[in-house]
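Chains as they are written, first to last, in this note's numbering: chain F, 77 to 191; chain C, 361 to 472. Below is one structure, written out as structure tokens; comments come after it.
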């Protein structure tokens with residue numbers, strides 16, 4: 077198993093540009109999520125999905141969009157990049173969520189800089 | 361709102377020592393608590409997951425305990441090695457909430 081994969085590893089954008097961060101998992105996990113990690117603020121949830129076709133907002137959803145057309149893929153779209161979105165982005169997955177939610181597996185991250 | 365605190369933010373110990381990392385949380389209504397390790401520039405690696413009904417979990421030299429009533433968890437590392445140097449994060453999953461709430465981590469350095 078490749079686990080959770082993310083592309084690209086690094087990205088530099090100009091303010092106002094849009095892009096999609098890719099996330100895929102090969103563990104047949106129902107639950108997938110996106111976090112951003114900023115110094116001194118820990119990891120914060122952006123969006124999550126409990127299954128194909130179902131997504132919901134997390135703690136810091138503004139400026140981001142997601143969709144889940146397959147179990148394997150959960151892309152994160154930046155609609156119009158802003159310097160405040162400079163961060164490290166992590167995708168995570170687990171077999172399920174809630175009371176039965178188990179171990180969360182994280183991807184290697186995407187380091188995004190917005191100029 | 362759940363808040364997770366990890367103190368100290370940084371810790372240095374000589375190789376071979378046993379050590380304890382601390383994690384505290386404000387709301388005891390949780391599904392589980394998970395300890396992660398993060399190496400510089402890398403993603404998070406899960407170390408141990410403790411369900412709310414459990415008191416502790418062990419994996420090799422690592423032992424994690426959970427005391428829900430006091431809102432505390434500890435990660436015990438036995439016979440520390442330089443390869444244990446990393447940032448250690450704890451995260452809780454609250455009842456009725458799909459997100460993990462993370463602490464800001466303890467950066468551990470093992471001195472050879």
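Glycine included, each C-beta is placed from N, C-alpha and C at the ideal position. Keep in mind the model is a prediction, meaning the values are calculated, not measured.
Contact of residue 137/F with chain C is not assigned, every C-beta pair being separated by 8 Å or more. As the crow flies, the alpha-carbon of residue 136/F is around 7 Å from that of residue 120/F. Here the alpha carbons of residue 367/C and residue 81/F stand approximately 31 Å from one another.
Looking from the CA of residue 459/C, the closest CA among 123/F, 106/F and 147/F belongs to 123/F. In the structure shown, residue 118/F adopts extended strand secondary structure according to DSSP, grouped into three states.
Identification of chain C residues near residue 166/F by a Cβ-Cβ cut-off of 8 Å yields 403 and 404, ordered along the chain. Per the DSSP secondary-structure output, residue 130/F pairs in a beta bridge with 127/F. In the same chain as residue 159/F, and ignoring 5 residues on each side of it, the C-beta atoms closer than 8 Å to its own belong to 91, 190 and 191, in chain order. For residue 380/C, the enclosing beta strand (DSSP E) begins and ends at 379-385. Under the 8 Å criterion on CB atoms, residue 462/C is classed as interfacial with respect to chain F. Counting the other Cβ atoms within 10 Å of the Cβ of residue 451/C gives 16 or more, which makes it buried. Taking a C-beta distance under 8 Å as the contact criterion, residue 165/F and residue 110/F qualify as a contact pair.
In the DSSP assignment, residue 101/F falls within the beta strand (DSSP E) that extends over 95-101.
In this structure, residue 390/C keeps its C-beta atom at 8 Å or more from the C-beta atom of residue 444/C. Judged by DSSP secondary structure, residue 165/F falls within the beta strand (DSSP E) whose first and last residues are 163-170.
Considering only 78/F, 107/F, 98/F and 79/F, the residue with the shortest C-alpha distance to residue 86/F is 98/F. At the C-beta level, residue 407/C and residue 426/C stay beyond 8 Å of one another. For residue 441/C, the nearest beta carbon of chain F is not closer than 8 Å to its own beta carbon. Contact between residue 377/C and residue 419/C does not hold, since the beta-carbon distance rounds to 19 Å and is not under 8 Å. Apart from sequence neighbours up to five positions away, the residues of its chain that approach residue 379/C with a beta-carbon distance below 8 Å are 371, 373, 436, 437, 440 and 468, ordered along the chain. Interface annotation, residue 394/C: in contact with chain F, CB-CB separation under 8 Å.
Here the alpha carbon of residue 149/F sits roughly 27 Å from the alpha carbon of residue 117/F.
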